[in-house]
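From first to last, the protein sequence lines stand for chains A and B.
My numbering applies: residue 3 is where the first sequence begins, and numbers increase by one.
My numbering applies: residue 115 is where the second sequence begins, and numbers increase by one.
Note that the Cβ used here is the ideal one computed from N, Cα and C, for glycine as well.
Since the structure is predicted, the reported quantities are computational estimates derived from the model, not experimental observations.
Take a look at the structure set out below.
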Amino acid sequence: MATPDKSRSRFFLIALLVTALIIVTLDLRGSVPGQTFRGITNTVLAPFQSFFRFFYDPISNFISEASNLGRSADKINELEERNAKLEEELSRFKVAKRELEQLKDVLDLAAAGRYMSVPARVIAAGSAAGFSRTIELDVGTRDGVATDMTVISGAGLVGRVISVSENTSIALLLDDETFKAGIRMEASGILGVISGTGNSQLSLTLFDSSSELSAGNRMVARGSSDSRPFVPGVPVGTITSVDQNSGTLTKTALVKPFVNLNSLEVVAVVTGKVRVNPRDSLLPPAPKPTPTPTVTVYITPTPEPSPTQSKKVN
Amino acid sequence: MRKTIFFLPIALVALALQNAVVARIPFPFADPSIFLIIVLAWAFLEDPEFAALQGFISGLLLDLNPLSVGLIGHWAFVLAAVCYGTSEMGVQLRSSRRAPLTLTVTVTGALLISLMLFAITSWLISAEQGLSFSQTTPGVLLWSALITPLLSPLIIRMSYFAQGIGTRNG
């Protein structure tokens with residue numbers, strides 16, 4: 003038989019579980035202002051996160067730079083002793099340069115597509131234990147960012163904004179399994195849908211099973227009405243393999259995204275409506291096919307001796 | 115009350131550390147969840163009633179994490195139940211609950227049960243998940259088994275300080 007203390011703690015647990023279930027039910031029905039509460043949590047967490055980043059970023063940058071030096075440990079030690087300050091400055095400069103290059107790339111893409119955009123830094127990433135692929139950006143409603151806006155990097159589509167607070171926003175990455183976006187194949191214009199798989203590749207579904215697909219085909223975002231959540235023309239990825247199963251109503255393939263989603267530092271949020279569809283113009287230049295060496299053999303027939311000639315000789 | 119006041123800022127700091135640092139390091143397989151390790155280890159050292167409350171508060175914090183996209187109350191439900199069970203186990207193992215190996219095995223097991231319960235309840239309420247159970251769990255468990263022994267002395271000290279008892283007598 004349970005002691006009074008045990009009964010009380012069990013009753014308390016049941017009360018907590020029922021409370022949690024009520025909250026879940028209310029959230030399922032849309033009665034909980036989740037974004038407001040998450041905004042409050044974000045405001046509380048922001049100073050702590052800034053504090054940790056203050057220490058983590060220089061360490062991360064230093065490790066990154068040290069691994070790139072490619073020199074012997076002794077040489078590195080000697081350099082560290084002599085030029086600690088100089089190396090730190092160099093490290094900062096390189097990080098700044100890398101970020102500047104990423105910023106230039108993303109602004110170039112936005113300019114080429116005539117997208118009105120706001121550049122943003124990635125300040126945090128969602129944990130795998132949270133069962134989602136999200137990133138936190140340092141731009142929010144103050145910068146004109148709203149939910150369901152396209153997030154791009156210099157290489158192409160990154161994801162879409164799913165929640166916004168005054169100073170920050172959260173974006174769902176395109177490899178999240180809940181992510182879906184309409185696409186249009188380069189040149190052919192065939193329409194389809196890509197969805198995240200939780201892995202490094204995306205899944206492509208074409209509605210027309212008779213469409214011709216092959217590895218190397220590239221695609222761009224089809225775009226949504228009023229350019230939200232997706233603006234048209236943003237490069238998405240390249241087909242790596244096609245499912246050849248026939249007899250289905252749709253055709254599927256695996257797609258490698260243009261963007262490396264594990265090393266995002268600088269991105270941009272497209273805040274304005276797109277008036278001119280850039281179509282395929284934002285895709286990077288197509289890779290040139292490797293020339294296959296061909297061997298040409300010329301055969302010259304040797305003239306056979308004619309019977310008349312033979313007689314003359316004999 | 116003293117324990118709640120002491121635990122809440124630690125949970126907030128752990129979550130901020132998780133968001134700003136741990137999740138940004140490209141760990142193989144999946145990133146470890148420092149937050150869940152601290153919450154479950156702490157629950158193991160507490161009495162069941164407080165462990166349930168602490169699990170509920172931590173779960174709510176995880177639900178309200180700005181980087182979370184799930185239903186609010188989902189993690190609160192899971193962690194309240196798992197923390198209560200973990201604490202019950204801690205009560206049974208009172209004499210050896212402070213041993214790093216016991217703590218590591220319990221926390222890793224509790225983490226597995228938490229993730230399983232979360233996945234099962236997600237399936238029951240048809241909540242969509244961005245990463246599947248198989249993609250997440252092996253990596254999280256591996257890192258939990260490696261990191262818990264390193265964190266356990268600190269967690270034990272903090273927990274006993276919050277409870278107002280000396281670490282030598284605990």
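Inset, instruction - Using only alpha-carbon positions, find the residue among F170/B, A125/B and T218/B that is nearest to A190/B. - result: F170/B
Inset, instruction - Could you run through the stretch 179-198 of chain B and flag, in chain order, every residue whose CB is less than 8 Å away from some CB of chain A? - result: Listed in sequence order: N179, P180, L181, S182, V183, G184, L185, I186, G187, H188, A190, F191, A194, A195 and Y198.
Legend entry - Where L185/B falls: helix, strand or coil (DSSP): coil
Inset, instruction - With 7 Å as the C-beta to C-beta threshold (strictly closer), list the residues of the stretch 28-45 of chain A near chain B in chain order. - result: D29, L30, V34, G36, F39, R40, T43 and N44
Legend entry - Residue from T298/A, T38/A, A17/A and T294/A whose Cα sits closest to the Cα of S165/A: T38/A
Inset, instruction - Determine, using beta carbons only, whether Q132/B comes closer than 8 Å to chain A. - result: With 8 Å as the cut-off, Q132/B counts as an interface residue toward chain A.
Inset, instruction - Using the Cα positions of P293/A and T262/B, report the straight-line distance between them to the nearest angstrom. - result: 55 Å
Inset, instruction - Compare the beta carbon distance of S155/A and L284/A with 8 Å and say whether it is the shorter of the two. - result: No, the Cβ-Cβ distance between S155/A and L284/A is not below 8 Å.
Inset, instruction - Please name the residue, chosen from C197/B, A134/B and G173/B, that lies closest to V221/B on a Cα-to-Cα basis. - result: C197/B
Legend entry - Alpha-carbon spacing of D178/A relative to E83/A, whole angstroms: 45 Å
Legend entry - Exposure label - I119/B; buried when at least 16 CB within 10 Å: exposed
Inset, instruction - Assign G200/A to buried or exposed, taking buried as 16 or more other Cβ atoms, counted over all protein chains shown, within 10 Å of its Cβ. - result: buried
Inset, instruction - Starting from A130/B, trace the alpha helix (DSSP H) both ways and give me its first and last residue. - result: Where A130/B is concerned, the enclosing alpha helix (DSSP H) starts and stops at R116 to A134.
Legend entry - Touch test, the stretch 251-269 of chain B against the stretch 206-220 of chain B, Cβ-Cβ under 8 Å, three pairs minimum: Output reads yes: the stretch 206-220 of chain B touches the stretch 251-269 of chain B.
Legend entry - Segment contact flag, the stretch 192-211 of chain A with the stretch 247-262 of chain A, C-beta cutoff 8 Å, min 3 pairs: yes
Inset, instruction - To the nearest angstrom, report how far apart P286/A and V236/A are at their CA atoms. - result: 11 Å
Inset, instruction - Return the residue from the list T252/A, V233/A and Q246/A that minimises the CA-CA distance to D210/A. - result: T252/A
Legend entry - Counterpart residues of V269/A in DSSP-defined beta bridges: Note: V269/A sits in a beta bridge opposite A122/A.
Legend entry - Simplified DSSP state of I172/A, which is helix, strand or coil: strand
Inset, instruction - Given a cut-off of 8 Å, decide if L18/A and L126/B are closer than it, judged by their beta-carbon atoms. - result: The criterion of a C-beta distance shorter than 8 Å is not satisfied by L126/B and L18/A.
Inset, instruction - Please check if any C-beta of chain B sits within less than 8 Å of the C-beta of L19/A. - result: yes
Legend entry - Contact set for D150/A: own chain, Cβ-Cβ below 7 Å, skip 5 residues either direction: Excluding residues within five positions, the ones whose Cβ falls inside 7 Å are R162, V163, R230 and P231.
Legend entry - Neighbour list for R116/B in chain E, Cβ cutoff strictly below 8 Å: Although the question refers to chain E, the structure presented lacks it and instead comprises the protein chains A and B.
Legend entry - Members of the stretch 125-159 of chain A that neighbour chain B once the beta carbon cut-off is set at 9 Å: Those residues of the stretch 125-159 of chain A that come within reach of chain B (Cβ to Cβ, closer than 9 Å) are I125, A126, A127, G128, S129, A130, A131, G132, F133, S134, R135, T136, I137 and E138.
Inset, instruction - Go ahead and pull the three-state DSSP assignment for T298/A. - result: coil
Inset, instruction - Indicate whether at least one CB of chain B lies closer than 8 Å to the CB of Y58/A. - result: yes
Inset, instruction - Take G36/A and list the residues in its own chain whose beta-carbon comes closer than 7 Å to its own, dropping the five residues that flank it on each side. - result: D29
Legend entry - DSSP beta-bridge partners of R116/A: Per DSSP, none; premise fails for R116/A.
Inset, instruction - Given a cut-off of 8 Å, decide if L175/A and L263/A are closer than it, judged by their beta-carbon atoms. - result: yes
Inset, instruction - Helix, strand or coil for T21/A, going by three-state DSSP, please let me know. - result: helix
Inset, instruction - Give the interface partners of F14/A over in chain B, defined as CB-CB distance under 8 Å, in chain order. - result: E163, A166 and L167
Inset, instruction - Could you spell out the range, first to last residue, of the beta strand (DSSP E) harbouring P259/A? - result: K253 to P259
Legend entry - Straight-line Cα distance separating Q277/B from S93/A: 45 Å
Legend entry - 8 Å contact criterion, which F181/A and S167/A should meet: CB distance rounded: With 8 Å as the limit, F181/A and S167/A do not qualify as a contact, their Cβ atoms being about 21 Å apart.
Inset, instruction - Tell me, please, whether the stretch 139-147 of chain A touches the stretch 100-110 of chain A by the rule of three or more beta-carbon pairs shorter than 8 Å. - result: no
Inset, instruction - Run down chain A in chain order and give the residues with a C-beta less than 7 Å from the C-beta of P140/B. - result: N264
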